[in-house]
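Peer 1: Here you go, one structure.
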Amino acid sequence: MFKNYLKTAWRNLLKNKVYFLINTVGLSIAIAVSVLMLLWVFDEYSMNKYHEKDDQLYLVKRTIPLEDGILDVYAGISYPLLNAAKEKFPEVEDYITLGATFEDNLRIGDTDFRAPGAFTNAAFFKHFTVPILLGNADDLDNKPESIAISESLAKRFWGEDWATKALGSPVHIYDNGDYAVAMVYEDFPSQSSIQNDFYYGFNRHLSQNDWLLEWGNNGMQGAFLLREGSDIAQVVPKVEALFKENISGEFKEGILLQKFSDNYLHNQFDERAQVSGGRIEYVRIFTWAAIFLLVISCINFINLSTAYATKRASEIGVRKAIGAKKNMLIGQFFTETSLITATSFLMGIVITLLLLPFVNVLTNKNLGFDISEPQLWLTLLGVFLLTTFLSAVYPSFIISSFKPVAALKGLGKEQKSTTSFRKGLVVLQFSLALLLIISALVIQKQVDFVNQKDLGIAKNHIISIHQDEVLTQKYEALKNELMASEGIADVTLVGPSPLSTPASSSGVSWPGKTQEQENIEFALLWTAHNFPEAFEIPIKHGAYYREGTQDTLNLVVNHTAAQLMNLGENPIGKTVQLWGSQRHIIGVVEDFHNRSLFEPIQPTVFLLDPNDAGEMMIKLDGNQTKAALASVHAVFDKVLPDNPLHYGFLDEEYAANYNAEILTGTLARYFALISVLLSCLGLFGLAAFTAKERTKEIGIRKVLGASVQNITLLVSKDFFKLIAIAILIASPLAYYFMSNWLNGFAYSINIPMFAFVLAGGLTLLVALLTISFQAIKSATANPVNSIRTE
8 MFKNYLKTAW RNLLKNKVYF LINTVGLSIA IAVSVLMLLW VFDEYSMNKY
58 HEKDDQLYLV KRTIPLEDGI LDVYAGISYP LLNAAKEKFP EVEDYITLGA
108 TFEDNLRIGD TDFRAPGAFT NAAFFKHFTV PILLGNADDL DNKPESIAIS
158 ESLAKRFWGE DWATKALGSP VHIYDNGDYA VAMVYEDFPS QSSIQNDFYY
208 GFNRHLSQND WLLEWGNNGM QGAFLLREGS DIAQVVPKVE ALFKENISGE
258 FKEGILLQKF SDNYLHNQFD ERAQVSGGRI EYVRIFTWAA IFLLVISCIN
308 FINLSTAYAT KRASEIGVRK AIGAKKNMLI GQFFTETSLI TATSFLMGIV
358 ITLLLLPFVN VLTNKNLGFD ISEPQLWLTL LGVFLLTTFL SAVYPSFIIS
408 SFKPVAALKG LGKEQKSTTS FRKGLVVLQF SLALLLIISA LVIQKQVDFV
458 NQKDLGIAKN HIISIHQDEV LTQKYEALKN ELMASEGIAD VTLVGPSPLS
508 TPASSSGVSW PGKTQEQENI EFALLWTAHN FPEAFEIPIK HGAYYREGTQ
558 DTLNLVVNHT AAQLMNLGEN PIGKTVQLWG SQRHIIGVVE DFHNRSLFEP
608 IQPTVFLLDP NDAGEMMIKL DGNQTKAALA SVHAVFDKVL PDNPLHYGFL
658 DEEYAANYNA EILTGTLARY FALISVLLSC LGLFGLAAFT AKERTKEIGI
708 RKVLGASVQN ITLLVSKDFF KLIAIAILIA SPLAYYFMSN WLNGFAYSIN
758 IPMFAFVLAG GLTLLVALLT ISFQAIKSAT ANPVNSIRTE
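Mapping the sequence shown onto my numbering, position 455 (from 1) lands on 462, and the numbers just tick up by one.
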């Protein structure tokens, strides 16, 4: 019987080539895009979950009470808490110190490479799944000169002989001293959010930064390895109580433990320190977008199947007359649907493989089709079964419900409910497409706003160079040479980056400071005296620091800080305290965005300390960029011939903060385009069917004097009504979803009306072109032939 099903199904499909082609092309495109998107989604969900002790690894974070009961979450934690918790609580099996990743130049002999690295302790390699290829992780704790490097970095230094040459080899880190290779570890997999190429020991870092021994200093990150079976709800209060016992203040900070693997997708918190979002939002967006595309394509199938069902009325009548049961007819149609789906699926997989390299470049991923991965086969099977079920279930029941006598007489007409259902599906289809189009336009507008917004600070044509000890010693010589060179506008020192200020402190006090304000964090910037001039930041009150190496008596703040401290209209000369020392306000600079636009401008303290700033910033003449870069290379070759030159553009570093939003905008545009194409593909099929069904009517109207325009309008108007309804449904939904998305930004656009007008206009235009092709074709046909067709 199944063989007969297949033969009949294939014969029916070949008889209706347009129907077969539209469904196959539409489904194959939808399946390809959906599979690609699901591969990306699964990759995102798999990040950091490969660690064997994943269920035991927890990041330790602080919850900081602010005004009005708001809790802010910070990743920085104090080292004494990590150490004491391990000693006091049996649930804490071990702690891992996690330093912030930085890039530096490493030299072995005459070979230099720049690589990312951090400090950590031996526990990192014992509890995270990082295979050790050579050496011993304990050396990081026991030998201050020890350094661990990745396999890829070892190969860069020693080639294929790295296994015999690496251990014991001296390594010089330009800003961190001399080391010896004590361990080589396997490269981190692509499913890891950590991609460091070297680690030095935490104990060495601690010996050079003994302030980390203070409970109130939170200049590092850390994690706990909890014992198996530990109840996280019982551990948190214990650790929090320990922390509060050892810190001062009325409104004491709390503790939050978050599973290490959850942090990648869930790193945003609400005002109650509850997880409220993060990268997971984009994963959800594209999961739904993939489902939308499948639904849109399945709607094409359902609409065309129900529309063409009346053409098969006689066939169904004969089958029923000779004894075919309803379940046999349903089986027949499911077979036909499975044949189309299987063909589309094979085409979709081919398209997926062809597009995979492009998608990997677009998403900066290493997605692949690993046929040995059960999850891949389960995903493919799920997509296949879902598509087949959605496409077949309703049409099969419609076709099998025809009455045999009426069908044999050629009276197998559609019920009104079937026509209404098909119209409803067209509305749903275009509503989903319009939702994607409007979203794509709003996202792109917000991305443009981020890129073009006046930040209150110059960021274009500025390069940053890491300030190591050698650069600090030669800074004046470098600056003098650079300022005398072609294309150089200014040179200064600042750290960290003024567009991303991770360093902060709550150690600022002022007259009238309330207990609720004691935990407010002030961003910290260490600068040279010419920082405002180089970055074109206006001085609102007073003046900036005079030229020098340090100023421990005075202080410069931004306008937000002055307002927060309620220093009045003229804050110059007012006294505040920084870390217990009195300072006089000598200047207030205008506000600029010192963090991403997701966050409001932070109160900021500017310190004169060029030797410890961290970054050398060189401002180039925008009209002479090529000559300016050549000047930079020439000066560094002259003044620091033994130091490799590495630099980055500040505007590119700023744009990197919004990679997720830029990717979202790009993918949303692709989804919107594909959804419109799929919707119009189905519309084309329906218009062709409608025109064919009304061939005789159109012929009679032409004989009676109807013009081409009248007939085109006759065929098109019902479809335009459906699209108009879709616009009315999609617009408020898009406004709601995009408003929620924009609420994640502290600074965002107002949703523009043009997005709705443009989306609706484009959809109507594309639909007009699609429908008009069939309508005009029918309207211009010879009416004699049209009437003769029936």
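We treat Cβ as the ideally placed atom computed from N, Cα and C, and that holds for glycine. These numbers come from a predicted model, not from an experiment.
(1) Around the Cβ of G502, are there at least 16 other Cβ atoms within 10 angstroms (buried) or fewer (exposed)?
(2) Where does W169 sit, in a helix, a strand or coil, going by DSSP?
(3) Please report the residue range of the alpha helix (DSSP H) in which S281 lies.
(4) Excluding the 5 residues preceding and the 5 following S779 in the sequence, name in chain order all residues of the same chain whose CB lies nearer than 8 Å to its CB.
(5) What do you get for T671, buried or exposed, if any count of 16 or more other CB atoms within 10 angstroms of its CB means buried?
(6) Does R553 pass the burial test, meaning 16 or more other C-beta atoms within 10 Å, or should it be called exposed?
(7) Under 9 Å between the Cβ atoms of R590 and L562?
(8) Can you list, in chain order, the residues of its chain with a C-beta nearer than 6 Å to that of L147? Leave out the 5 residues immediately preceding and following it.
(9) For N533, does the three-state DSSP call read helix, strand or coil?
(10) Alpha carbon to alpha carbon, how far is G419 from A694?
(11) Provide the residue(s) that pair with E622 in DSSP beta bridges, ordered along the chain.
(12) With DSSP as the reference, please indicate the residues paired to F120 in a beta bridge.
(13) Using the three-state DSSP reduction, which class does G419 fall into: helix, strand or coil?
(14) How would you label F365, buried or exposed, when you count the other beta carbons within 10 angstroms and need 16 or more for buried?
(15) State the DSSP-derived secondary structure class of M190, mapped to helix, strand or coil.
(16) Quick one: grab the DSSP three-state call for P72.
(17) Between A673 and L219, how many whole angstroms is the CB-CB distance? I'm expecting something under 8 Å.
(18) Can you name the residues that DSSP bridges to N565?
(19) Are the CB atoms of W47 and F293 nearer to each other than 9 Å?
(20) For the alpha helix (DSSP H) that K95 lies in, which residues bound it at each end?
(21) Indicate whether E523 and P72 have their beta-carbon atoms separated by less than 9 Å.
(22) Just tell me which of T559, S504, Q557 and P651 has its CA closest to the CA of L657.
(23) Are the stretch 623 to 643 and the stretch 441 to 452 touching, with three or more C-beta to C-beta distances below 8 Å?
(24) Report, in whole angstroms, the separation of the C-beta atoms of K481 and L647, which I expect to be a contact under 8 Å.
(25) Is the beta carbon of L532 closer than 9 Å to that of F799?
(26) Any chance the stretch 86 to 103 sits against the stretch 162 to 182, with 3 or more Cβ pairs inside 8 Å?
(27) Enumerated in chain order, which unbroken segments of the alpha helix (DSSP H) with a length of 4 residues or greater are wholly contained in the stretch 341 to 411?
(28) Under the three-state reduction of DSSP, which class applies to P617: helix, strand or coil?
(29) Which residue wins for smallest C-alpha separation from T127, given the options R121, L141, D145 and I115?
(30) If I'm right that T108 touches A125 with Cβ under 8 Å, what's the distance once you round it to whole angstroms?
(31) Name, in chain order, the residues that DSSP records as bridge partners for Y65.
(32) Could you tell me which residues DSSP puts in a beta bridge with F643?
(33) Starting from the Cα of N143, find the closest Cα among V191, L485, K626 and I783 and give me that residue.
(34) For the stretch 713 to 795, which segments carrying the alpha helix (DSSP H) assignment without a break, of at least 4 residues, lie completely within its bounds, in sequence order?
(35) Taking the CB atoms as reference points, tell me whether L615 and T556 lie closer together than 9 Å.
(36) With which residues is A125 paired in a DSSP beta bridge?
Peer 2: The short version:
(1) As a working note, residue 502 is residue 495 in the sequence shown. Result: buried.
(2) Position 162 of the sequence shown, counted from the start, is the residue given in the question as residue 169. The answer is helix: DSSP assigns W169 an H, G or I state.
(3) Counting from 1 along the sequence shown, the entry for residue 281 is found at position 274. The displayed chain sequence assigns Gln, not Ser, to residue 281. Per DSSP, Q281 belongs to no alpha helix (DSSP H) and is neither H nor E.
(4) Position 772 of the sequence shown, counting from 1, holds the residue named residue 779. Excluding positions up to five away in sequence, the list reads T719 and S723.
(5) The count along the sequence shown starts at 1 and reaches residue 671 at position 664. The residue in question, T671, is buried, as its Cβ has 16 or more Cβ neighbours within 10 Å.
(6) For the purposes of this step, residue 553 is taken as residue 546 along the sequence shown, with counting starting at 1. Answer is exposed; the Cβ neighbour count stays below 16.
(7) On the sequence shown, residue 590 is found 583 positions in, with the first residue counted as 1. On the sequence shown, residue 562 is found 555 positions in, with the first residue counted as 1. Taking 9 Å as the Cβ cut-off, R590 and L562 qualify as a contacting pair.
(8) What you label residue 147 is simply residue 140 of the sequence shown in a count that begins at 1. Counting only Cβ-Cβ distances below 6 Å, and skipping sequence neighbours, we find A129, S153 and G208.
(9) Counting from 1 along the sequence shown, the entry for residue 533 is found at position 526. The sequence as given places Trp at residue 533; Asn does not occur at that position. W533: strand per DSSP, three-state reduction.
(10) Within the sequence shown, residue 419 is the residue found at index 412, counting from 1. Within the sequence shown, residue 694 is the residue found at index 687, counting from 1. Caution applies to G419, whose pLDDT of 48 falls short of 50 and renders its modelled position unreliable; the value that the coordinates give is listed next. So the two alpha carbons sit approximately 20 Å from each other.
(11) The residue given as residue 622 occupies position 615 in the sequence shown. Beta-bridge pairing links E622 to H473 and V501.
(12) For the purposes of this step, residue 120 is taken as residue 113 along the sequence shown, with counting starting at 1. Beta-bridge pairing links F120 to L113.
(13) Looking up residue 419 in the sequence shown gives position 412. Any reading at G419 is ruled out, since the residue's pLDDT is 48, under 50, leaving its predicted position unreliable.
(14) Locating residue 365 in the sequence shown gives position 358, counting from the first residue. Answer is exposed; the Cβ neighbour count stays below 16.
(15) Residue mapping note: residue 190 aligns to position 183 of the sequence shown, counting from 1. DSSP places M190 in strand when its eight states are reduced to three.
(16) Position 65 of the sequence shown holds residue 72. In this structure, P72 counts as strand in the three-state DSSP scheme.
(17) To locate residue 673, count along the sequence shown from 1; it is residue 666. To locate residue 219, count along the sequence shown from 1; it is residue 212. The sequence as given places Thr at residue 673; Ala does not occur at that position. At roughly 42 Å, the Cβ-Cβ gap does not stay under 8 Å, so T673 and L219 are not in contact.
(18) Reading the sequence shown from its first residue, position 558 is the one you call residue 565. V596.
(19) What you label residue 47 is simply residue 40 of the sequence shown in a count that begins at 1. What you label residue 293 is simply residue 286 of the sequence shown in a count that begins at 1. Going by C-beta atoms, W47 is nearer than 9 Å to F293.
(20) If you number the sequence shown from 1, residue 95 lands on position 88. Start and end: Y86 to K95.
(21) For the purposes of this step, residue 523 is identified with residue 516 of the sequence shown, where counting begins at 1. For the purposes of this step, residue 72 is identified with residue 65 of the sequence shown, where counting begins at 1. Taking 9 Å as the Cβ cut-off, E523 and P72 qualify as a contacting pair.
(22) Locating residue 657 in the sequence shown gives position 650, counting from the first residue. Selected option, being the one with the closest Cα: S504.
(23) no
(24) Here residue 481 refers to the residue found at position 474 of the sequence shown. Here residue 647 refers to the residue found at position 640 of the sequence shown. About 6 Å separates the two Cβ atoms, so the contact holds.
(25) For residue 799 there is no data in the structure shown, the boundaries of the chain being 8 and 797.
(26) no
(27) 381 to 407
(28) Here the question's residue 617 lines up with position 610 in the sequence shown. Helix.
(29) Along the sequence shown, read from residue 1 onward, the residue named residue 127 stands at position 120. Closest option to T127, Cα to Cα, is D145.
(30) Here residue 108 refers to the residue found at position 101 when the sequence shown is read from its first residue. Here residue 125 refers to the residue found at position 118 when the sequence shown is read from its first residue. Rounded, the Cβ-Cβ distance is 5 Å, consistent with contact.
(31) In the sequence shown, the residue the question calls residue 65 occupies position 58. Looking at the DSSP assignment, Y65 forms a beta bridge with F231 and K266.
(32) Taking the sequence shown and counting its residues from 1, the one referred to as residue 643 is at position 636. Its beta-bridge partners do not exist; DSSP assigns none.
(33) Position 136 of the sequence shown holds residue 143. The residue with the shortest Cα to Cα distance from N143 is V191.
(34) 715 to 749, 760 to 786 and 790 to 795
(35) For the purposes of this step, residue 615 is taken as the residue at position 608 of the sequence shown. For the purposes of this step, residue 556 is taken as the residue at position 549 of the sequence shown. Contact: yes.
(36) As a working note, residue 125 is residue 118 in the sequence shown. The partner list for A125 (beta bridge, DSSP) reads Y206.
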